[in-house]
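The sequence shown begins at 1 in the working numbering and counts up by one.
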Amino acid sequence: HGKIEGIDDLVTFEGNTADGLVKAFHEEVDDYVELCKAQNKEPLRSYKGSFNVRVSPELHRKAVVTAKTMGITLNRFVQTVIEKELAHKG
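Below, the structure is given as structure tokens:
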């Protein structure tokens, strides 16, 4: 059995063989996409835009000092670093 990650709704599938599991997965995804279309909703997980990140105290200090020297908040600094990294990934 399995659960589809990356969506808000609970969509599960199961099969007795590997092929059966793959077939059930594809059927459930197709059914879920159709249901989303019928309900006029996006089949993606919604994110609130905030999360906790655990780093070493030294990395935390360096990030705060760097943000201050740049004249921005720590949140803005972290956002900028993430945006730059993701831009390199395409």
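No residue lacks a Cβ here, since even glycine has one placed at the ideal position from N, Cα and C.
Distance from the CA atom of G6 to the CA atom of V33, rounded to whole angstroms, is 13 Å. Contact between E28 and V55 is absent: CB atoms are separated by about 38 Å, not below the 8 Å threshold. DSSP, read as helix, strand or coil, puts T66 in helix. Within the model, the alpha-carbon separation for T66 versus R45 is close to 33 Å.
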